[in-house]
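Okay, so here's the structure we're looking at.
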Amino acid sequence: MSAETAGRLRSAGLDPERVAAIIVATVEEDLDGGVDVTSVSTVPATQRSIVTFGARAAGCLAGLDIACAVVEIVCGADNVTIERVKSDGDRLQKGDVIARVTAPTQSMLTAERTALNLMCHLSGVATATSKWVDAVSGTGAVIRDTRKTTPMLRTLEKYAVRCGGGQNH
18 MSAETAGRLR SAGLDPERVA AIIVATVEED LDGGVDVTSV STVPATQRSI VTFGARAAGC
78 LAGLDIACAV VEIVCGADNV TIERVKSDGD RLQKGDVIAR VTAPTQSMLT AERTALNLMC
138 HLSGVATATS KWVDAVSGTG AVIRDTRKTT PMLRTLEKYA VRCGGGQNH
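Residues 18 to 186, numbered by my numbering, are exactly what the sequence shown covers, in order.
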């Protein structure tokens with residue numbers, strides 16, 4: 018993972034080493050201990066691609082830097098260029114460009130499912146939280162998370178709650 022992404026994670030209150038461990042475990046689970054056979058067998062090893070991450074629906078963004086870390090870990094940080102257009106906590110409209118990533122195509126195809134799954138899940142948590150925060154706006158009430166989280170994703174889900182304007186328990 019790049020120093021920039023590690024710094025962004027630290028600034029967000031996340032431990033880059035812990036995030037990296039989660040990423041490695043989730044990618045290994047996705048690949049079932051192997052490699053992405055389809056990408057390796059159909060895409061030239063030297064091919065590079067520009068990938069655009071876009072919002073499929075309106076909501077609140079969470080997990081962009083985690084998704085970027087997935088790409089950097091799988092593709093090698095030195096092989097990746099990332100242009101972040103949005104930031105975690107931003108409100109999104111359908112079709113908004115979130116980021117553009119230039120990376121080796123084979124490894125990007127390996128990384129993209131895990132990167133998008135994490136970012137979409139965390140954005141869902143942030144979006145739900147932001148709706149509750151909006152609903153109680155002006156009342157003095159505070160939206161807090163619970164301790165009921167997905168195994169291995171506790172710190173990331175708690176971060177997503179903060180992105181949506183909530184507070185941690």
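Every residue gets a Cβ at the ideal spot worked out from N, C-alpha and C, and that includes glycine. Predicted model only: the values in this text are computed from it and were never measured.
(message) For residue 123, count the other beta carbons within 10 Å of its own beta carbon; 16 or more makes it buried, fewer makes it exposed. Which is it?
(response) Flag for residue 123 reads buried.
(message) Three Cβ pairs or more, each shorter than 8 angstroms: is that satisfied between the segment 60-80 and the segment 134-143?
(response) Enough Cβ pairs lie closer than 8 angstroms, so yes.
(message) Distance check for residue 57 and residue 40, CA to CA, integer angstroms please.
(response) Cα to Cα, the separation comes out at about 21 angstroms.
(message) With a threshold of 7 angstroms on Cβ separation, who are the neighbours of residue 159 within its own chain once the five nearest residues in sequence on each side are excluded?
(response) Excluding sequence positions up to five before and after residue 159, its CB lies within less than 7 angstroms of the CB of 184, all in the same chain and listed in chain order.
(message) According to DSSP, simplified to helix, strand and coil, what is residue 158?
(response) Coil, per DSSP.
(request) Kindly confirm or deny that the segment 49-66 and the segment 161-170 touch, where touching means at least three C-beta pairs closer than 8 angstroms. (result) Fewer than three pairs of CB atoms, one per stretch, sit closer than 8 angstroms, so the segment 49-66 makes no contact with the segment 161-170.
(message) Which same chain residues end up closer than 7 angstroms to residue 9 when comparing Cβ atoms and leaving out the 5 residues on each side of it in sequence?
(response) The question about residue 9 has no answer, for the chain in this structure spans 18 to 186.
(request) Indicate the three-state DSSP secondary structure (helix, strand or coil) for residue 51 in the structure shown. (result) If DSSP states are grouped into helix, strand and coil, residue 51 belongs with coil.
(request) Can you give me the start and stop residues for the alpha helix (DSSP H) that residue 23 sits inside? (result) It spans 20-28 - the alpha helix (DSSP H) in which residue 23 sits, taken as one unbroken run.
(request) Return the Cβ separation of residue 99 and residue 86 in integer angstroms, given the expectation that the two are a contact with Cβ distance under 8 angstroms. (result) That belief does not hold up - the Cβ atoms of residue 99 and residue 86 are roughly 10 angstroms apart, past 8 angstroms.
(message) Between the alpha carbons of residue 167 and residue 130, how many angstroms are there, rounded?
(response) Their backbone Cα atoms lie some 18 angstroms apart in a straight line.
(message) Within 10 Å of its beta-carbon, does residue 28 have 16 or more other beta-carbons around it, so buried, or fewer, so exposed?
(response) Per the 10 Å Cβ criterion, exposed.
(request) Starting from residue 171, trace the beta strand (DSSP E) both ways and give me its first and last residue. (result) Where residue 171 is concerned, there is no enclosing beta strand (DSSP E), although the alpha helix (DSSP H) around it starts and stops at 171-180.
(request) Report the three-state DSSP secondary structure of residue 110 (helix, strand or coil). (result) Assigned with DSSP and collapsed to three states, residue 110 falls in coil, not helix or strand.
(request) Could you give the DSSP three-state label for residue 58: helix, strand or coil? (result) DSSP places residue 58 in helix when its eight states are reduced to three.
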